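A short write-up of the structure that comes next.
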Amino acid sequence: MESIAMTRQQLDGDRMIVNMGPSHPTTHGTLRIILELEGETIAKATPEMGYLHRGVEKLGENLSYQQFIPLTDRLNYCSSIMNNVGYTCAVEKLLGIEIPKRAQQIRVLVSELARVADHIVCVGVNAVDIGAFTAFLYLFKQRETVYDLFEMAAGQRLHTSFTRIGGLFRDIPEGFVPLCERFLVECEAAVDECERLLTHNPIWHDRTKGIGAISAEDAVNWGYTGPCLRAAGVPQDLRKAQPYLGYETYDFDIPVGTTGDVFDRYLVRIEEMRQSLRIIRQVLDRLEPGPVCVDDPKVALPPKEKVYTRMESLIHHFKLIMHGMEMPVGEVYSATEAANGELGFYLVSDGGKNPYRIRVRPPCLPIFSSFHDQVKGCLVADAVAVLGAMNIIAGELDR
Amino acid sequence: MIIEHIDAELPGTVTDRHAFRGDQTIVIARESLLILVDLLHREGFQLLVDITAVDWPEREARFDVVYHWLNLASQERLRVKVPVADGEAMPTLTGRFKTADWFEREVFDLFGIRFEGHPNMKRLLTWDDFPGHALRKDFPLDGGDPFCMEGCTAPYNNGERA
Numbered sequence: 001m002e003s004i005a006m007t008r009q010q011l012d013g014d015r016m017i018v019n020m021g022p023s024h025p026t027t028h029g030t031l032r033i034i035l036e037l038e039g040e041t042i043a044k045a046t047p048e049m050g051y052l053h054r055g056v057e058k059l060g061e062n063l064s065y066q067q068f069i070p071l072t073d074r075l076n077y078c079s080s081i082m083n084n085v086g087y088t089c090a091v092e093k094l095l096g097i098e099i100p101k102r103a104q105q106i107r108v109l110v111s112e113l114a115r116v117a118d119h120i121v122c123v124g125v126n127a128v129d130i131g132a133f134t135a136f137l138y139l140f141k142q143r144e145t146v147y148d149l150f151e152m153a154a155g156q157r158l159h160t161s162f163t164r165i166g167g168l169f170r171d172i173p174e175g176f177v178p179l180c181e182r183f184l185v186e187c188e189a190a191v192d193e194c195e196r197l198l199t200h201n202p203i204w205h206d207r208t209k210g211i212g213a214i215s216a217e218d219a220v221n222w223g224y225t226g227p228c229l230r231a232a233g234v235p236q237d238l239r240k241a242q243p244y245l246g247y248e249t250y251d252f253d254i255p256v257g258t259t260g261d262v263f264d265r266y267l268v269r270i271e272e273m274r275q276s277l278r279i280i281r282q283v284l285d286r287l288e289p290g291p292v293c294v295d296d297p298k299v300a301l302p303p304k305e306k307v308y309t310r311m312e313s314l315i316h317h318f319k320l321i322m323h324g325m326e327m328p329v330g331e332v333y334s335a336t337e338a339a340n341g342e343l344g345f346y347l348v349s350d351g352g353k354n355p356y357r358i359r360v361r362p363p364c365l366p367i368f369s370s371f372h373d374q375v376k377g378c379l380v381a382d383a384v385a386v387l388g389a390m391n392i393i394a395g396e397l398d399r
Numbered sequence: 400m401i402i403e404h405i406d407a408e409l410p411g412t413v414t415d416r417h418a419f420r421g422d423q424t425i426v427i428a429r430e431s432l433l434i435l436v437d438l439l440h441r442e443g444f445q446l447l448v449d450i451t452a453v454d455w456p457e458r459e460a461r462f463d464v465v466y467h468w469l470n471l472a473s474q475e476r477l478r479v480k481v482p483v484a485d486g487e488a489m490p491t492l493t494g495r496f497k498t499a500d501w502f503e504r505e506v507f508d509l510f511g512i513r514f515e516g517h518p519n520m521k522r523l524l525t526w527d528d529f530p531g532h533a534l535r536k537d538f539p540l541d542g543g544d545p546f547c548m549e550g551c552t553a554p555y556n557n558g559e560r561a
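Chains as they are written, first to last, in this note's numbering: chain G, 1 to 399; chain A, 400 to 561.
Structure representation (structure tokens):
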């Protein structure tokens, strides 16, 4: 008995093992972290994931290109519309088609709304984890409005499936734009309010400054993208760097931090919300009536009233559902700037109805892989702050 | 642009290439991966965006291991594909890119391709004694019965446990 105890002690160096998760309130989904503690200090953190692995990529190989859209909802479920947009952009790149202008504008509009909602969840919940409950409530009221808007547009709040290959499932309804305009005003005020609660709060500073700091070089080496990379001082944003959906025509700035710590990530996200609101305002100003889906019966389903009344449309509908689109043989990688970073879809087509291979490149997987490096030598409470600021979404991490 | 550079610096490395919809792709042998990676890193391709694989069961070199790089300065992207046969091991990139750690573990988990020199070659998404590798084309879509596959001789199991 004694010899075993000695070996254990020699092995672990008198470390205490603490399990965080898989069902811990701060793990945001089901992920598990095995912490090895020396006193209060973290000596080793071993993340264990896969609790939410559903084999999305495997399923995608057995579904048609259109049928995969609902599965993308369930990747980053805090901003599912952005996954819809990212995926359909990839298929459109494979097909080599351009979507109508209005569809592009509405995609930008809903993407930026989703970005605001995602950052609200991240900042709000990060604050709750650290102990600042109030900001969460102010922000979450705005998130509800975003979901109301999504419900108006797509009929669903969370799992939107709003986009279709070649455009959108439908146009935004009447009443969407006025509510969106009201949201712009109210959300701006709520972000200000949140900033008044947190940005100059000394307790918030104590809990976030210097925690999870990372250099720009390390962040790139770890494969960081999105707000976490920008907080480390790298001004990389695909909306500016490799514009898609006409992002080059909008006027917005990219906030960049310096130290990459939790505080900088918070500041970057707050400013990104403001910039997103700016983009939404510009979209609303230039929104013009027009089609929201390509007029190509080989790609997009014809309108229902035509399917019911015209022979040709009925045939197109049948052909699309039963045989799918005519896909070129080839492979594409298409990336969009999602709320967490670069969301990439790598599609390999052998010309069949289903993709030969779908690869989802989740932005938070490389970020989460650096978790041990980020929290080594910190306290357990700091690990919670770092985890929140990384914005790990298990649905996207595990796929 | 980078491809011409590779041709000039490392002639004969690129065995195949194509550009489709603006994506530039090169195919190289696995022996030349590390030397190519050194060159890419020097040339500014410092963000290793993704590592994944594609299974082509009827091919002799069954898998393509697919790397995506991004050059942050020029915003140029490059896809590198490395054909590898079942049972062959790939050289690890963890020495150069920390992000390769989990990506390589995921490829090992879902395709069963080993990475030589990886510090922690364990499964990432499925559990340690999960039978088979889920993204291989011959792995059943319903997953079989992962809890009752002890001694199963189905082709995706191979009687071995990784």
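Every residue gets a Cβ at the ideal spot worked out from N, C-alpha and C, and that includes glycine.
Note that this is a predicted model, so its numbers are computed, not measured.
Residue environment, residue i, which counts as buried when at least 16 other CB atoms sit within 10 Å
i: ASN19(G); result: exposed
i: LEU95(G); result: buried
i: GLU40(G); result: exposed
i: GLN474(A); result: exposed
i: PRO47(G); result: buried
i: LYS480(A); result: buried
i: HIS316(G); result: buried
i: MET16(G); result: exposed
i: ARG441(A); result: exposed
i: LEU320(G); result: buried
i: MET325(G); result: buried
i: GLY550(A); result: Interpretation of GLY550(A) is limited by its pLDDT of 48, a score under 50 that renders its predicted location unreliable; the figure taken from the coordinates is listed afterwards. GLY550(A) should be labelled exposed.
i: PRO227(G); result: buried
i: ASN391(G); result: buried
i: ILE203(G); result: exposed
i: TYR87(G); result: buried
Own chain, CB closer than 7 angstroms to residue i, minus 5 neighbours either side, in chain order
i: ALA452(A); result: PHE462, ASP463, VAL464, VAL465, VAL506, PHE510 and ILE512
i: ALA484(A); result: GLU459, ALA460 and ARG461
i: VAL294(G); result: ILE97, ILE99, PRO100, GLY166, GLY167 and ALA300
i: THR160(G); result: ASP73, SER80, ILE81, ASN84, PHE150 and ALA154
Rounded Cβ spacing between residue i and residue j (contact assumed at less than 8 angstroms)
i: ARG107(G); j: LEU245(G); result: 5 angstroms
i: LEU435(A); j: THR412(A); result: 6 angstroms
i: SER69(G); j: CYS378(G); result: Before going on, a small fix: residue 69(G) reads as Ile here, not Ser. About 40 angstroms; that fails the 8 angstroms criterion.
i: ASP422(A); j: TYR333(G); result: 6 angstroms
i: VAL375(G); j: ASP350(G); result: Incorrect: roughly 44 angstroms between the Cβ atoms, too far for contact.
Chain-order list of residues whose beta-carbon lies under 6 angstroms from that of residue i (same chain, five-residue window excluded)
i: LEU469(A); result: LEU446, VAL448 and ARG476
i: ALA216(G); result: ALA232, GLY233 and VAL234
i: THR145(G); result: PHE183
Bounding residues of the beta strand (DSSP E) (the contiguous stretch that carries residue i)
i: ILE427(A); result: 422–427
i: ALA488(A); result: 488–490
i: PRO482(A); result: 476–483
i: GLU342(G); result: 341–349
i: ASN519(A); result: That residue, ASN519(A), is in no beta strand (DSSP E); it is neither H nor E in DSSP.
i: ASP296(G); result: Per DSSP, ASP296(G) belongs to no beta strand (DSSP E) and is neither H nor E.
Inter-residue spacing [alpha-carbon to alpha-carbon] between residue i and residue j
i: ARG182(G); j: THR134(G); result: 22 angstroms
i: LEU179(G); j: PRO291(G); result: 22 angstroms
i: GLU271(G); j: TRP501(A); result: 31 angstroms
i: GLU92(G); j: ILE401(A); result: 26 angstroms
i: GLU337(G); j: ASP14(G); result: 44 angstroms
i: LEU284(G); j: LEU139(G); result: 22 angstroms
i: VAL268(G); j: VAL426(A); result: 39 angstroms
i: GLY531(A); j: ASP537(A); result: 10 angstroms
i: LEU158(G); j: GLY124(G); result: 18 angstroms
i: ASP148(G); j: GLN67(G); result: 25 angstroms
i: THR459(G); j: GLN282(G); result: What the structure shows of chain G is the stretch from 1 to 399, and residue 459(G) is not part of that stretch, so it cannot be assessed.
i: ALA407(A); j: SER431(A); result: 15 angstroms
i: TYR65(G); j: MET327(G); result: 10 angstroms
i: ALA127(G); j: ASN201(G); result: 12 angstroms
i: ALA418(A); j: LEU238(G); result: 21 angstroms
i: GLY223(G); j: ALA428(A); result: 24 angstroms
i: TYR247(G); j: VAL177(G); result: 20 angstroms
i: VAL191(G); j: LEU137(G); result: 12 angstroms
Residues near residue i by beta carbon distance below 8 angstroms, same chain, minus five either side
i: LEU397(G); result: GLY29, LEU31, MET49, LEU52, PRO362, CYS364, LEU365 and PHE368
i: ASP437(A); result: ARG495
i: THR208(G); result: ILE130, ASP261, VAL262, PHE263, TYR266, ALA385 and ALA389
i: LEU63(G); result: LEU71 and ASN354
Unbroken alpha helix (DSSP H) run spanning residue i, endpoints
i: MET390(G); result: 380–390
i: THR259(G); result: Where THR259(G) is concerned, there is no enclosing alpha helix (DSSP H), given that its DSSP letter is neither H nor E.
i: ARG357(G); result: ARG357(G) -> not in any alpha helix (DSSP H); beta strand (DSSP E) instead, spanning 357–361.
i: PRO178(G); result: 176–198
i: PRO202(G); result: 202–208
i: ARG102(G); result: 101–130
Within chain B, the residues that residue i reaches when beta carbons sit closer than 8 angstroms
i: HIS53(G); result: The structure shown contains no chain B; the protein chains it does contain are G and A.
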